[in-house]
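In what follows, a single structure is set out as structure tokens and then discussed.
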Amino acid sequence: MKKLRWGVLSTAIIGRTKVIPAIQTSAFGTVTAIASRSQESADNAARELGIEKAYASYEALLADPDIDAIYNPLPNHLHVPWSIKALRAGKHVLCEKPVGLNTDDAKRLLDEAEDHPHLIAMEAFMYRFHPQWRKALELVQQGVIGKVKSVHSQFSYNNHEPDNIRNKIDMGGGALMDIGCYCISLSRWLFGEEPEKVLAHITPFEDYEVDCLISGLLQFPAGTATFTAATKIEGSQFVEAVGERGKIRIPVPFSPEADTATHIILTRDHLSEEIAIPPADHYREMADALASAVFANQPAPTPLTDAMQNMRIIDALFESARSQQWQPLTQ
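Sequential numbering of the sequence shown, starting at 0, is according to numbering that gives the first Met the number 0.
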């Protein structure tokens, strides 16, 4: 069976613990090489994960002709420059979210991708590839809960490590960039349209420059989406979409265990039922979806234009929090 040969830029935790194991067990991919800023780090990761090649620089990995695609889990401020270098090296790109530091930054990657139409570049919103989300979207599109009018989501964890990249403003850290981006993405996906304006409030945390707790309101033509994202409170996650005839709740929308069945809750006329979803690794599903698109010469499963739209809304939410006013979004 044909396999897409992946190279991984850095030994980031998300790559070592989630994405690389998923690709190694996928139907259409294999991790051929990993790169770090030191040979020792790369060698250790390669040995631990059963990867054939280890490089002491990202440039060396990009120069390897045996690599078809790269996974970029670098800190946010390095997403665009290294993804551009990968495209110029002739590699397909799966880049961690958010795709850039802001809209202008992301536009650089979009422009570069348009100059390489034979290559796929995609933002790694893995949640969209889990069957629980496929089922939820199917229920919405079939009108089972009627027209969606309200979406509410929460995503939080508790990280007080001062040297963690998520707490570094110059690296694109903060709650909105790291996890609030999921809440924006899923709201757009469930409504099937773009918001017209947004409102946001950031609660300051002493000794931190990044946003540690942000709440937002997105006004869509059909209804509203609200969310809270936080990196300094007890961990929590859920999504609820409410329509004119029912609602859907996803208790673990973003990080279900790959080997554990999950469920979504469908409620109509005050009667609830649990819809069982079999175990699935959304990282594996995402990697296979991208590989399948490559082999079939098809567009990316999620286009970079979608990443651009998400980035525009992130920018608008930051501006709203600064001005304490509604921020319009021009389409």
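Think of the CB as a built atom: it goes at the ideal place given N, C-alpha and C, for glycine as much as any other residue.
Check	Outcome
Given that a residue counts as buried once 16 or more other Cβ atoms are within 10 Å of its Cβ, and exposed if not, what is L270?	exposed
Consult DSSP for P116 and reduce its assignment to one of helix, strand or coil.	coil
What residue does the beta strand (DSSP E) around I213 start on, and which one ends it?	L212 to Q218
Pick helix, strand or coil for I83, following the three-state DSSP scheme.	helix
I'd like the list of long-range same chain contacts for E47, defined as Cβ closer than 6 Å, with 5 residues on each side in sequence excluded.	none
Could you spell out the range, first to last residue, of the beta strand (DSSP E) harbouring W5?	L3 to L8
Identify which residue in S254, E239 and G234 has its Cα closest to the Cα of T266.	E239
Measure the alpha-carbon distance for L328 versus Y126 and round it to whole angstroms.	25 Å
Which residue spans inside the stretch 150-215 form an unbroken beta strand (DSSP E) run of at least 3?	196-201
Between P277 and chain D, is any beta-carbon pair separated by less than 8 Å?	Absence of chain D from the displayed structure is noted, only one protein chain being present.
Once DSSP output is grouped into helix, strand and coil, what is the label at E23?	The sequence given here places Gln at residue 23; Glu does not occur at that position. Looking at Q23 - three-state DSSP - the assignment turns out to be helix.
Any idea if N75 is buried or exposed, counting beta-carbon neighbours within 10 angstroms, 16 or more meaning buried?	buried
Go to S235, then tell me how far its beta strand (DSSP E) extends in each direction, as first and last residue.	K231 to G242
May I ask you to list the residues that DSSP assigns as paired with T266?	K246 and S271
Looking at the strands, I want to know which residues DSSP matches up with T261.	I276
I think A292 touches A299, with their Cβ atoms under 8 Å apart; what is that distance to the nearest whole Å?	6 Å
Can you list, in chain order, the residues of its chain with a C-beta nearer than 7 Å to that of R244? Leave out the 5 residues immediately preceding and following it.	I144, G145 and R267
Restricting to Cα atoms, I'd like to know which of T223, S184 and V209 is closest to V197.	T223
If contacts are defined as beta-carbon pairs under 8 Å, then I232 and L212 qualify, I think. What distance do you get, rounded to the angstrom?	7 Å
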